[in-house]
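Read in order, the letters of the sequence shown correspond to residues 967 to 1253 in the numbering used here. No residue lacks a Cβ here, since even glycine has one placed at the ideal position from N, Cα and C. One structure is given below, encoded as structure tokens.
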Amino acid sequence: MANMSIQNLVYLNGSFIPIEDARISVLDRGFIFGDGVYEVVPVYSRRLFRLTEHLRRLQNSLEGIRLKNPHLDVEWRELLEKIVASNESDDQSIYLQITRGVAPRDHSFPEDVIPTVFIMSSPLLAPSKELVATGVSAITANDNRWLRCDIKATSLLPNVLLRQKALDENAVEALLLREGFLTEGSTSNIFVVKSEMLLAPPKSYLMLPGITYDVVLELAAAHDIPHEIRNVSEYEIRTAQELLLTSSTKGIMSITHLDGKSVGNGKPGKIFLQLYQLYQNYKSTVM
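This is the structure in structure tokens:
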């Protein structure tokens, strides 16, 4: 696969083609209703990162919208490895999407419809050393999304609006609050350091179960970093020593300013620095 001469291909419904040639019907339910799910898998040095966990989350999302998985795990791996080999970057972000397929527009599920399967690759650009050293800014916002945030659904308009709200205020992320407690970020999971303790909101239907979220907790446990999984209040966020965001594409980042005010001393803290280095070491050795 690594010797394939054709570069920058996508996969669509059984074919590997240049992205400019990829087409779907305007009656695809993903286009009409946002009726589909997606997954993002990071690739480091051409190795798929935690693929088993990503495919497990994909299966949970498919079950959440009552859509049969069109491929076995071994088939997904083969398809994803072909996409990795067919694109130029050593570090990639693989996006895969499954919709319910093409059918006349009607809210009810169509019968005997073939799902639409799409996979593409983008270069995975790590945050710059300068950004790691300074941290990023975030805002808080009301979590006004639906009540099944554990499904990685393609209907992301609320997340889009919340992320844009952050960008409009010169921030990179919005920390979402529901009834006075943290859920997650618009595109990430959020950790809070309070009294030297790493705090993580518990998984529930109100947040996406992040793969990097799991890695951070595993690293904390393996290296004796005090941590606790529990509900985190808005007060704890606003008085935190450190705030961290995690995602498959960003890895781990320090939030050093929230709503225009410094978090702690306004610099990445010691727990972030420890976890960041542990994560860099971990991702270089794990597939």
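(request) Jot down the residue ranges of each uninterrupted alpha helix (DSSP H) in the region 1163-1242, minimum 4 residues, whole runs only, in chain order. (result) You should have 1177-1188 and 1200-1204.
(message) Using a 10 Å radius around the Cβ and a threshold of 16 neighbouring Cβ atoms, would you call Y1171 buried or exposed?
(response) The count along the sequence shown starts at 1 and reaches residue 1171 at position 205. Answer is exposed; the Cβ neighbour count stays below 16.
(request) Quick one: using the 10 Å Cβ neighbour count with 16 as the cut-off for buried, is D1190 buried or exposed? (result) Numbered from its first residue, the sequence shown carries residue 1190 at position 224. Exposed: under 16 other Cβ atoms inside 10 Å.
(request) Using a Cβ cut-off of 9 angstroms (strictly closer), state whether G1226 contacts chain B. (result) Included in the structure is just one protein chain, with no chain B present.
(message) Quick check on Q1063: buried or exposed, where buried means 16 or more other Cβ atoms within 10 Å of its Cβ?
(response) As a first step, residue 1063 is located in the sequence shown; it is residue number 97 there, counting from the start. Flag for Q1063 reads buried.
(message) Please tell me whether E1019 and I1177 are closer than 9 angstroms, where the distance is taken between their beta carbons.
(response) Translated into the one-based positions of the sequence shown, residue 1019 becomes position 53. Translated into the one-based positions of the sequence shown, residue 1177 becomes position 211. In this structure, I1177 lies closer than 9 angstroms to E1019 by Cβ.
(request) Give the range of the alpha helix (DSSP H) segment to which F999 is assigned. (result) Within the sequence shown, numbered from 1, the residue matching residue 999 stands at position 33. Taken as a continuous stretch (DSSP letters only), the alpha helix (DSSP H) holding F999 covers R995 to F999.
(request) Indicate whether the contact test is met: 3 or more Cβ pairs, each with one atom in the region 1104-1121 and one in the region 1239-1250, closer than 8 angstroms. (result) no
(request) Select from G1146, N1035, R1012 and V1182 the residue whose C-alpha is nearest the C-alpha of L1021. (result) Taking the first residue of the sequence shown as position 1, residue 1021 is located at position 55. Of G1146, N1035, R1012 and V1182, the residue nearest in Cα terms is N1035.
(message) Classify M970: buried if its beta carbon has 16 or more other beta carbons within 10 angstroms, exposed otherwise.
(response) Walking along the sequence shown from the start, residue 970 turns up at place 4. Model confidence at M970 stands at a pLDDT of 40, short of 50, so the residue's coordinates are unreliable; what they give is reported in the following sentence. So M970 ends up on the exposed side.
(request) Using 10 angstroms around the beta-carbon of R1249, count the other beta-carbons present and answer buried if the total reaches 16, otherwise exposed. (result) As a working mapping, residue 1249 is identified with position 283 in the sequence shown. The residue you asked about is not Arg; residue 1249 is Lys in the sequence shown. Classification for K1249: buried.
(message) Please state whether the Cβ-Cβ distance between L1097 and V1159 is less than 9 angstroms.
(response) By one-based count along the sequence shown, residue 1097 stands at place 131. By one-based count along the sequence shown, residue 1159 stands at place 193. No, these two residues do not count as a Cβ contact at 9 angstroms.
(message) Since E1139 and S1152 should fall inside the 8 angstroms C-beta cutoff, what is the C-beta to C-beta distance between them, to a whole number of angstroms?
(response) Taking the sequence shown and counting its residues from 1, the one referred to as residue 1139 is at position 173. Taking the sequence shown and counting its residues from 1, the one referred to as residue 1152 is at position 186. Yes, E1139 and S1152 are in contact; Cβ-Cβ is about 6 angstroms, under 8 angstroms.
(message) Helix, strand or coil, according to DSSP, for G980 in the structure here?
(response) Against the sequence shown, residue 980 aligns to sequence position 14. Reduced to three states, the DSSP call for G980 is coil.
(request) Using 10 angstroms around the beta-carbon of Y977, count the other beta-carbons present and answer buried if the total reaches 16, otherwise exposed. (result) Within the sequence shown, residue 977 is the residue found at index 11, counting from 1. Under this definition Y977 is a buried residue.
(request) Report back the beta-carbon spacing between S1087 and I1105 to the nearest angstrom; my notes put them in contact at under 8 angstroms. (result) Residue numbering aside, residue 1087 sits at position 121 when the sequence shown is read from its first letter. Residue numbering aside, residue 1105 sits at position 139 when the sequence shown is read from its first letter. Wrong, their Cβ atoms sit about 31 angstroms apart, outside the cutoff.
(message) On a Cα-Cα basis, can you pick out the residue from G1000, R1043 and H1037 that is closest to R1016?
(response) In the sequence shown, counting from the first residue as 1, residue 1016 sits at position 50. Closest option to R1016, Cα to Cα, is R1043.
(request) Under 8 angstroms by Cβ, that's how I've got D1057 and Y1010 pegged, so tell me the actual separation to the nearest angstrom. (result) Here residue 1057 corresponds to residue number 91 of the sequence shown, with the count starting at 1. Here residue 1010 corresponds to residue number 44 of the sequence shown, with the count starting at 1. With 8 angstroms as the limit, D1057 and Y1010 qualify as a contact, their Cβ atoms being about 6 angstroms apart.
(message) For the beta strand (DSSP E) containing R1144, name the first residue and the last one.
(response) Residue mapping note: residue 1144 aligns to position 178 of the sequence shown, counting from 1. Residues E1139 to R1144.
(request) Go through the region 1062-1123 residue by residue and report every complete run of the alpha helix (DSSP H) that reaches 4 residues or more, in order. (result) 1095-1100
(request) Report the residue from S1055, Y1179, R1204 and T1251 whose alpha carbon sits nearest the alpha carbon of G1217. (result) Counting from one through the sequence shown, the residue named residue 1217 turns up at place 251. With distances taken between CA atoms, G1217 lies nearest to Y1179 out of S1055, Y1179, R1204 and T1251.
(request) Locate the alpha helix (DSSP H) running through N1026, then write down its first and last residues. (result) Here residue 1026 refers to the residue found at position 60 when the sequence shown is read from its first residue. N1026 -> alpha helix (DSSP H) spans L1017 to G1030.
(request) Please name the residue in D1078, I1080 and N1110 whose C-alpha comes closest to that of R1129. (result) Residue mapping note: residue 1129 aligns to position 163 of the sequence shown, counting from 1. Selected option, being the one with the closest Cα: N1110.
(message) Per the DSSP calculation, I1156 is bridged to which residue(s)?
(response) Residue 1156 sits at position 190 when you count from the first residue of the sequence shown. Paired residue(s): L1211.
(message) Here's a check: name, in chain order, each residue in its chain whose Cβ is nearer than 8 angstroms to the Cβ of P1093, leaving out the five neighbours to either side.
(response) Within the sequence shown, residue 1093 is the residue found at index 127, counting from 1. Excluding residues within five positions, the ones whose Cβ falls inside 8 angstroms are K1216, G1217 and M1219.
(message) Mapping the DSSP letters down to three states, classify M967 as helix, strand or coil.
(response) Here residue 967 refers to the residue found at position 1 of the sequence shown. Note on M967: pLDDT 39, under 50, position unreliable in the model; no value is reported.
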